[in-house]
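Step one of this worksheet: look at the structure below.
Residue numbers (the numbering used here), protein chains in the order written: chain R, 465 to 1251; chain B, 17 to 239; chain P, 379 to 464.
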């Protein structure tokens, strides 16, 4: 394969992956923008009705966009912009600069990083393929409320594909979060203590913590939804509040998600304000404490303010209203600290600085309108109207995008080695700022216009405001051409930039570690890859293959309605298998080896990087299983006529299986103990025992299911009790299966002599994982068999 | 917090929402204006220009800055926010569901894409919700299929219609007239066209209309 | 080789799981039996975490790392269960 192509497809280098994310996010941002421009054209004028003067669409069926197209456009606009534009842009910058800022050679797990990227990209492609399916793509809003998102009310493969793409994205993010957390924990260069970590990296760390426990909830919700759609389970169609179940699981993710979108921009402001004010960031530690408090626990405690009118109890509304007020307090402190950084200063109004100032300006407006929405009484007036649309665009576009654009301009000299055109950037800001406000400010006055309506009947106030908003949309969209033109101009004709054009003091500009490895190399943004022998590309083809395989599997799963869907699904699994085996092969034969570095470790000293990674992964799995068990408890508590305990399941068989699994936990532990004493043969023996016991567990489970399905007619589509049992136990069984695959790898590696008394972290990690699987079963067994 | 309300309690009217809105608007608007002006002023004052000396930065402030100032800020902001939140709680008392004997209970069912209204005598109307003036009307809202949002913008009446559960809200119309009922939760392709009419008539007109209704539910025309 | 702890833990879990089942048969579906089973399950998971995952030997930062999602999930589940006034 041609070298350029293989470089970009197989790279695992953080700078390359960062650029891939930035380029990919721009592409999706463009699609999201086109979708909403179509929507704004539709909304610019009302539909004709008696007594209407002025321009209007001839009739409800003769508008610019049909209702179906409009709903899809609005839905995909939201999904794409939030998940495939805003966050990945930040992740791209983080990929490029976080390792440089903390003196790390690369991210902790480079192949996993690449895998995360391709999974994200293919997820986006899978989600957008839905447009081409009969019936079109998902059209129930990016929030995908139940039961509208069920296969009854959104039939067809299109929505299923969108949700599959989302699952891929959620997995990508979870995997990426573990990676970045590991990097900050264990790969900091020498001398980079926590105090010395620059602000952008701190804020990315906070962003990751917000992602870490929220995306698993989305993943759980999506798995349940896809199961409902494809397998016929009845989680969200359960009467007595199936809709609220989705609301809770989704918004438990959805609220921290908005901080995931916002915090990277704040991190950039925290970097850029001091540099261009010529003074240190004011109250830096207080800002950090406030952001930490926002992320955990506050952002996880406010989600129900999205559900004020859904029919939950008044007490719930009250509690979450108070919590929402509380979370606004640290934001006040942070904003004022940013502004304080502008005092006793000497401000240079370069493009990064101007965009950051714009971001703070717009955040103030957006944030204050958020306080309006914290009132569960005022929400009666504003809920699901354009007031909300105005609010979240002020924070997500105004604050977040302006901040991210500032970051782009700030870092262009580092990434390209050249300086951008300052005047063009000024024009970019002026036109964007004006267009933005013309587009979104009118929405606050449309507080009685419902969201997501494809057309409206003529009302003088609505007509004018919508028209103004549409004009603003086109101005704002067109002004982004300045950014693209600037990037092109920079690459072609930009002046060579000195290593530190801004006079910044952080390590990515002024490396603190001399003779450091390739990541923190002092060469100034020479074209990536041109750093000669120092530039470790450490390529691997397995990440992109694994991501592709997962994409194909999901494609097949979503298209099971067609006869060839199963074939596609199996093809995808085959590709997955090939990629996983290849990945393991690379490990077994040490073909992909990252050099160990001397790093700052506190407070993670004494814990091996891979074991820390396993702990972090398990902490996300706690949320997935917790959400799924929570869904079970919720549905059960609100469903009358649940089967009497003991009437369906064979308890002695379940007990036997539990004993089998617990014994396998013992043998796994003994395997670890053996290798700690260097007894390789014993370890292999205990591992094999664990494998046999694990396989026995699955075998007995299979027999149980066979009996339940055929003899008792107890299936996952016949009752809610069936749905919850099969899904939960099935998810657990999938974890057991993964454990068996891991064991196969471990046994193979052990037989090659790969584990010794000193180095057996793979066995440690497996024992941890297996103990976790045991613990989940300790809950699942009584909850489903005995209760 | 559902305290029992006396029979002549003031039911929610647009006035309550407008008053509450004003608290937030005035305080929020003032905050935005003050902070933004201060920021713009600081930028104008401190921008680098030829001949301007860079001011000395006093390092004793350090990373903790003026933490006492921060505490004071939190107290001030916290008080303002507590004040508006208190207004919210006070209003909530007025919009909570009462159980007054002199109210009219109407069942509202949202279905793709039409609202239906079932009166106490069992009659179901698919066109309008007709209510008398100055009477407390309690709506029991549910959905027959997906989530809808019952919404009368001009009277600030709104609640989600969820399948499988009943949500209540009450209102008291003090002006006669015809108001639009809209759907405020995306429910499918007909979402924008799921419109109905709220007709508020004098008690006499209403009673005359109501007494002529067939007692049995009307033939169902909708899906 | 330290057999004692893992075998002791394993025997403990076996016995308590059997006890769980016997408790179940003593009064399937009754409230007190449900509570008893729940308590046994929670203690067992704690034992497994402490002795099989050996979380007691990990640095405190790991212990907090695992405590955090547990706390968050409890908030989620409790909020969901009390969603309606029933």
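Positions of the beta carbon are idealized from the N, C-alpha and C atoms, including for glycine.
- With respect to residue 864 of chain R, residue 729 of chain R sits close: the two C-beta atoms are nearer than 7 Å.
- Any Cβ of chain P closer than 7 Å to the Cβ of residue 776 of chain R would place that residue at the interface, and such an atom is present.
- The C-beta separation of residue 639 of chain R from residue 1080 of chain R comes to about 10 Å, leaving the pair out of contact by the 8 Å criterion.
- Residue 1125 of chain R is positioned such that its CB atom lies closer than 7 Å to that of residue 1161 of chain R.
- Looking at the backbone, the Cα of residue 408 of chain P and that of residue 1115 of chain R are separated by about 17 Å.
- A direct Cα-to-Cα measurement between residue 157 of chain B and residue 129 of chain B gives close to 15 Å.
- Under DSSP, residue 214 of chain B forms a beta bridge with B:145, B:195.
- Contact between residue 959 of chain R and residue 883 of chain R is confirmed by a C-beta separation of about 5 Å, below the 8 Å threshold.
- Counting the other CB atoms within 10 Å of its CB gives residue 1174 of chain R a total below 16, which places it among the exposed residues.
- Contact of residue 421 of chain P with chain R is not assigned, every C-beta pair being separated by 7 Å or more.
- As for any alpha helix (DSSP H) of minimum length 4 sitting wholly inside the region 1032 to 1112 of chain R, the runs are 1073 to 1102, ordered along the chain.
- In summary, the residues of the region 1079 to 1091 of chain R whose CB is separated from some CB of chain P by less than 8 Å are 1079, 1080, 1082, 1083, 1084, 1086, 1087, 1090, 1091, in the order they occur in the chain.
- The C-beta of residue 210 of chain B comes no closer than 7 Å to any C-beta of chain R.
- For the region 624 to 646 of chain R, the set of positions with a beta-carbon nearer than 8 Å to some beta-carbon of chain P is empty.
- Interface residue (Cβ-Cβ distance to chain B less than 7 Å): residue 1010 of chain R is not classified as such.
- Sequence-distant partners of residue 207 of chain B (beyond 5 residues in either direction) whose C-beta falls short of 6 Å from its own C-beta, in its chain, are 199.
- Burial state of residue 1137 of chain R is buried, judged by a 10 Å Cβ sphere holding 16 or more other Cβ atoms.
- Contact of residue 716 of chain R with chain P is assigned, a C-beta pair being separated by under 7 Å.
- Bridge partners of residue 133 of chain B according to DSSP: B:124, B:141.
- Take residue 565 of chain R, set aside five residues on each side of it, and the residues of its chain with a beta-carbon closer than 8 Å to its own are 661, 662, 664, 665, 970, 971, 972, in chain order.
- Using a CB distance cut-off of 7 Å, residue 186 of chain B does not count as an interface residue toward chain R.
- Judged by their CB atoms, residue 1178 of chain R and residue 1186 of chain R are nearer to each other than the 7 Å cut-off.
- From the beta-carbon of residue 768 of chain R, the residues of chain P found nearer than 8 Å are 457.
- With fewer than 16 other beta carbons inside 10 angstroms of its own, residue 137 of chain B counts as exposed.
- For residue 506 of chain R, there are no neighbours in chain B by C-beta distance under 9 Å, as the nearest C-beta there is about 10 Å away.
- Our two residues, residue 1128 of chain R and residue 1120 of chain R, have alpha carbons roughly 12 Å apart in a direct line.
- Residue environment analysis places residue 478 of chain R among the buried positions, since at least 16 neighbouring C-beta atoms fall within 10 angstroms of its C-beta.
- Residue 175 of chain B: member of the beta strand (DSSP E) spanning 173 to 177, first to last residue.
- In this chain, the alpha helix (DSSP H) harbouring residue 541 of chain R covers 531 to 543.
- Using a Cβ-Cβ distance cut-off of 8 Å, the region 162 to 170 of chain B and the region 191 to 198 of chain B are in contact, since at least three pairs of beta carbons, one from each stretch, lie closer than that value.
- For residue 747 of chain R, at least one C-beta of chain B is nearer than 7 Å to its own C-beta.
- Residue 188 of chain B has B:152 as its beta-bridge partners, per DSSP.
- Of all residues in the region 828 to 853 of chain R, none is placed with a Cβ closer than 7 Å to any Cβ belonging to chain P.
- The shortest CA-to-CA distance from residue 815 of chain R to any of R:653, R:966, R:769 is the one to R:966.
- Cβ contact annotation for residue 1240 of chain R (same chain, cutoff 6 Å, sequence separation greater than five): 1089, 1196, in chain order.
- Contact check between the region 701 to 721 of chain R and the region 764 to 775 of chain R: three or more CB pairs, one atom from each, fall below 8 Å, which counts as touching.
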